[in-house]
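In what follows, a single structure is set out as structure tokens and then discussed.
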Amino acid sequence: MPEDEEPRLIAERRRKLERVVASGRLGYPYRFPDAVPTATVAAVARALEPGAEDPARTFAVAGRLGPVRQHGKSAFLDLHDRDGHLQLFARVDELGDAGYQAMLDELDPGDIVGAVGHPVRTKRGEPSLRVTRIELLAKALRPPPEKWHGLQDEEARIRRRHVDLFASPASRARFRARSHLVAGVRSYLGERGFLEVETGVLGPVASGAAARPFVTRSNYLDDELPLRIALELQLKRLLVGGLERVFEIGPVFRNEDLDSTHTPEFTMMECYWAYADYLDMRGLVEGLYERLAGVAAQALPDVPEAAAAPGVFRPPFDVVDYVDALESNSGITGLLDLPLEELRTLARKTGAPIPENATAAKCFDKLFDKYVEPTLVRPTFVFDYPTATSPLAKAHRSRPGRIERFELFYRGFELGNAYSELNDPEEQRKRFLAQAGDDPDASYAFDAEFVEALEYGMPPAAGLGIGIDRMAMALTGATSIKDVVLFPQSRRKR
RNA sequence: GGGCCCGUAGCUCAGUCCGGUCAGAGCAGGCGGCUCUUAACCGCAAGAUCAGGGGUUCGAAUCCCCUCGGGCCCGCCA
Numbered sequence: 217m218p219e220d221e222e223p224r225l226i227a228e229r230r231r232k233l234e235r236v237v238a239s240g241r242l243g244y245p246y247r248f249p250d251a252v253p254t255a256t257v258a259a260v261a262r263a264l265e266p267g268a269e270d271p272a273r274t275f276a277v278a279g280r281l282g283p284v285r286q287h288g289k290s291a292f293l294d295l296h297d298r299d300g301h302l303q304l305f306a307r308v309d310e311l312g313d314a315g316y317q318a319m320l321d322e323l324d325p326g327d328i329v330g331a332v333g334h335p336v337r338t339k340r341g342e343p344s345l346r347v348t349r350i351e352l353l354a355k356a357l358r359p360p361p362e363k364w365h366g367l368q369d370e371e372a373r374i375r376r377r378h379v380d381l382f383a384s385p386a387s388r389a390r391f392r393a394r395s396h397l398v399a400g401v402r403s404y405l406g407e408r409g410f411l412e413v414e415t416g417v418l419g420p421v422a423s424g425a426a427a428r429p430f431v432t433r434s435n436y437l438d439d440e441l442p443l444r445i446a447l448e449l450q451l452k453r454l455l456v457g458g459l460e461r462v463f464e465i466g467p468v469f470r471n472e473d474l475d476s477t478h479t480p481e482f483t484m485m486e487c488y489w490a491y492a493d494y495l496d497m498r499g500l501v502e503g504l505y506e507r508l509a510g511v512a513a514q515a516l517p518d519v520p521e522a523a524a525a526p527g528v529f530r531p532p533f534d535v536v537d538y539v540d541a542l543e544s545n546s547g548i549t550g551l552l553d554l555p556l557e558e559l560r561t562l563a564r565k566t567g568a569p570i571p572e573n574a575t576a577a578k579c580f581d582k583l584f585d586k587y588v589e590p591t592l593v594r595p596t597f598v599f600d601y602p603t604a605t606s607p608l609a610k611a612h613r614s615r616p617g618r619i620e621r622f623e624l625f626y627r628g629f630e631l632g633n634a635y636s637e638l639n640d641p642e643e644q645r646k647r648f649l650a651q652a653g654d655d656p657d658a659s660y661a662f663d664a665e666f667v668e669a670l671e672y673g674m675p676p677a678a679g680l681g682i683g684i685d686r687m688a689m690a691l692t693g694a695t696s697i698k699d700v701v702l703f704p705q706s707r708r709k710r
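As structure tokens, then:
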């Protein structure tokens, strides 16, 4: 783009950059050594009396310039780095006429700069750095958003997440909190002897959940490959292999729409524990959320949902029985003995469109969503689902028609799903085939290699799945999954 | 896929109902002033494909249609 057609704000900033280069300095220098976090300098300066300076100590800081308040022969510049911010106090006395003027002529809000100087506390009490040297480290050719509001438009915040992050402290804090939560999952499981693994995204079969896969293509294999929709079957094969305690945190892909709680690519944590059952897993889950609630409260003390989490997630969590809860909330009786057709009729009464060939699993889900889920506000385990709801869970040891499964709910979020895992290959084969007959789009794909693996013997085991994005939503107070996913899908801009 | 809503300067927003000084403000940027400000302040000048296209009209940011992008709700989907 010729310069005279370049947007004038960018052209203006480019001129300032050219001024730097013309004076023999690098426009984009290579390093700025010895910078300390702004928080370090702020702590030193905060210990001074208002108006006092500590000329004996010299610090270097680096970061992005915020608002600049010029004041004739002195100026205040805000500098933001990953840990906080610090006010720079620049005066003609220290910088000299030429140096001071060069600073004003060359720097803009949004620039990446390095500064050196002495800790000082202004008369108004603001911890600051009295600047003896300030240097452009990278020019912001594009202006930052308005200093008070940042980016407000949801589309802009997603498409220009890099801008959203530096302009919005709340956004930055939320993603930092998510990272700490994931680290909390890793450390909690690691301390308990669980081995973290990566099993790969491209598989010959997409199974382990009811969802339509994305399909990609291998030139080498000359074949179509589905992207995984769950981690379950591969992790269970690791139990067969003797790894005994494994978990994976990684992306899974389900070919569906994006809304406030769904996104086609999301992060799943699954964990498998040999020689344990779902009752053992319940204790593991309680301890995990107790830990994560503490992480959230520490990371986001100003967010009510996070600050309250340690009190809310104090074990033991509430427990309800799936069938009891559904029957008592809906008035339905004999739920497990209802013929499928009657189940469909009842499910239709919730307002959900139930197709002629709807599975019992779908009907149960709709009824549960309608009658039970909204009532689960405190963290609550729902125990012992009907057999039809999952083909991968073991039959209940004493309750006919049920499987050993629980889910954890909190304020409309599903925060975990656990089973005593089915490890009988013959039974597994039957369940897969029963599913495949119902709805080819939404069924669990038959995975012959998985059934064969079970024939080598898988130890009795408990399994757990947690949608990391929804966990992060619940604990950071986010109302949209886009607020906890850095780069959600959006349509190509034309 | 269905319904409702939104898109105005780099950013944050008025203006749209009810067509006619409706191209407006603040921030950012330019010029000038100011050596303790912190959403600094004061003065001056500038900055717009009103998402895009078509239509109605003497006249459209405003009314109608189509397209693009986004948001919310529903559906699909854990």
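The opening residue of the first sequence carries number 217 in this note's numbering; numbering runs sequentially from there. C-beta atoms are modelled at their ideal positions from N, C-alpha and C, and glycine is treated no differently.
Counting other Cβ atoms within 10 Å of its Cβ, Gly240 stays below 16 and is therefore classed as exposed. Around the Cβ of Ser387, a 10 Å sphere holds 16 or more other Cβ atoms; the residue is buried.
For the pair Ala690 and Arg618, the CB atoms are not nearer than the 8 Å cut-off. Counting along the chain, no alpha helix (DSSP H) covers Arg241, and no H or E run does either.
Of all alpha-carbon atoms in Tyr494, Ser544, Arg224, the one lying nearest the alpha-carbon of Ala611 is that of Tyr494.
If you check the CB distance, Arg707 and Thr477 do not come in under 8 Å. In the DSSP assignment, Met689 falls within the alpha helix (DSSP H) that extends over 684–692.
Annotated as proximal: Thr692 and Arg394, with beta-carbon spacing under 8 Å. A straight-line Cα-Cα distance of about 11 Å links Asp553 and Pro602. For secondary structure counted as the beta strand (DSSP E) over 3 or more consecutive residues, the segment 388–439 holds these complete runs in sequence order: 431–434.
In the same chain as Arg507, and ignoring 5 residues on each side of it, the C-beta atoms closer than 7 Å to its own belong to Gly400, Tyr404, in chain order. The residue among Phe622, Lys355, Ala258 with its C-alpha nearest the C-alpha of Leu500 is Phe622. Segment contact: the segment 630–649 against the segment 551–570, fewer than three CB-CB distances shorter than 8 Å; contact not assigned. In the structure shown, the three-state DSSP call for Pro266 is coil. Rounded to the nearest angstrom, the Cβ distance from Glu481 to Phe469 is 5 Å, consistent with a contact under 8 Å. Per DSSP, the unbroken alpha helix (DSSP H) holding Ile374 starts and ends at 370–375.
Ser344 places its beta carbon less than 8 Å from that of Leu304.
Rounded to whole angstroms, the Cβ separation of Val431 and Ala661 is 12 Å, and the two are not in contact under 8 Å.
A straight line joining the alpha-carbon of Pro359 with that of Tyr316 spans about 22 Å.
Between Thr591 and Phe533, the C-beta spacing is not below 8 Å. Straight-line measurement puts the Cα of Gly632 at about 16 Å from the Cα of Asp585. Looking at Leu397, Gln368, Arg392, His396, the one whose alpha-carbon comes closest to that of Ala383 is Gln368. Between the segment 289–306 and the segment 319–332 there are three or more inter-stretch CB-CB distances shorter than 8 Å, so the stretches are counted as touching.
By the neighbour-count criterion, in which a residue is buried when 16 or more other Cβ atoms sit within 10 angstroms of its Cβ, Thr561 is exposed. Around the beta carbon of Pro335, a 10 Å sphere encloses 16 or more other beta carbons of the protein chains shown; the residue is thus reported as buried. Contact check for Leu302 against Ala354 fails: the beta carbons are separated by 8 Å or more. The beta carbon of Arg390 sits closer than 6 Å to those of Thr692, all from its chain and outside the five residues before and after it, given in chain order. For Tyr538, the enclosing alpha helix (DSSP H) stretches over residues 538–546. By DSSP's assignment, Ile328 forms a beta bridge with Arg280, Ala354.
It is roughly 23 Å from the alpha-carbon of Gly681 to the alpha-carbon of Ala541.
A direct Cα-Cα distance of roughly 5 Å separates Thr483 from Gly466. Using a C-beta cut-off of 8 Å, the segment 449–459 makes contact with the segment 407–415, since at least three inter-stretch Cβ pairs fall below that distance.
Remark: C-beta atoms of Ala356 and Arg247 do not approach each other more closely than 8 Å.
Note on geometry: alpha-carbon atoms of Glu671 and Ala609 lie some 17 Å from one another. Taking every protein chain shown into account, the CB of Thr254 has 16 or more other CB atoms within 10 angstroms, so this residue is buried.
DSSP places Gly681 within a strand segment (E or B) once states are collapsed to three.
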